[in-house]
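The sequence shown lines up with residues 0 to 156 when you count with numbering that gives the first Met the number 0. The block underneath contains the structure these notes are about, expressed in structure tokens.
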Amino acid sequence: MKVSIRRMEFEDVPKVVAIEERWSYLSKWGEPGYRAVMSDSRVYTCLVAEDGEHRAQPPVIAGFAVVAKLIDDCELCNLVVLPECLSKGVGYELLQACFEVAQYLKIARMLLEVRQSNQRAIDFYARNGFRIINERRNYYLSPRESAWVMERAVELG
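Next comes the structure, spelled out in structure tokens:
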């Protein structure tokens, strides 16, 4: 699948929420949550991946990511892909764009939390250089579950 990455726009939010709703175990941000982070561009960078292979009008949003600038680190707050776009490179392209954000900000470490039961995501992040460094007990609420904290160095070149 050919993917193009761009900044999320306010008119993308309903489509982003629709993708979020496709996954039962995600912590839902909803429209107010995405609109709030998009309004704080000093801290958050919100990205969408569009399916560039099919010339749909309007283009189909295949996934999205949100990166937060912390003091010394970047946090990957969200990386979500449409179920039918899994294993087609969408997540990889979004993750690479997130690393580019960290490089632009000159931040050399990216962190994330992932549900301990989400082995597919854990494997994806591990394949892309992340390692487990800590555990957050009962981090997620619906359903209640602990999270692994993972980190990866970002090359600043």
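We treat Cβ as the ideally placed atom computed from N, Cα and C, and that holds for glycine.
Is residue i helix, strand or coil when you go by DSSP?
i, result
"lysine 27", "coil"
"aspartate 50", "strand"
"leucine 81", "coil"
"valine 89", "helix"
"alanine 107", "coil"
"leucine 94", "helix"
"valine 42", "coil"
"glutamate 10", "helix"
Residue i lies in the beta strand (DSSP E); which residues open and close that run?
i, result
"leucine 140", "130 to 140"
"arginine 143", "143 to 152"
"arginine 21", "First-last for arginine 21: undefined, no H or E at that position."
Can you give me the C-alpha to C-alpha distance between residue i and residue j, rounded to a whole angstrom?
i, j, result
"valine 153", "isoleucine 106", "7 Å"
"glycine 88", "arginine 5", "16 Å"
"valine 148", "phenylalanine 123", "14 Å"
"threonine 44", "asparagine 133", "25 Å"
"glutamate 8", "proline 142", "30 Å"
"methionine 109", "isoleucine 70", "12 Å"
"arginine 135", "glutamate 144", "9 Å"
"glutamine 102", "phenylalanine 129", "16 Å"
"valine 12", "leucine 155", "31 Å"
"leucine 94", "alanine 64", "8 Å"
"lysine 68", "cysteine 97", "11 Å"
Buried or exposed: where does residue i fall if 16 or more other Cβ atoms within 10 Å of its Cβ makes it buried?
i, result
"tyrosine 139", "buried"
"leucine 78", "buried"
"arginine 151", "buried"
"valine 15", "buried"
"valine 100", "buried"
"glutamate 10", "exposed"
"glutamate 49", "buried"
Locate the alpha helix (DSSP H) running through residue i, then write down its first and last residues.
i, result
"phenylalanine 63", "It is not in any alpha helix (DSSP H) - phenylalanine 63 instead sits in the beta strand (DSSP E) that spans 60 to 68."
"arginine 126", "118 to 126"
Quiz item: Is the number of C-beta pairs between the region 27 to 40 and the region 113 to 121 that are closer than 8 Å three or more?
Solution: The region 27 to 40, when compared against the region 113 to 121, does not touch it at the 8 Å Cβ threshold.
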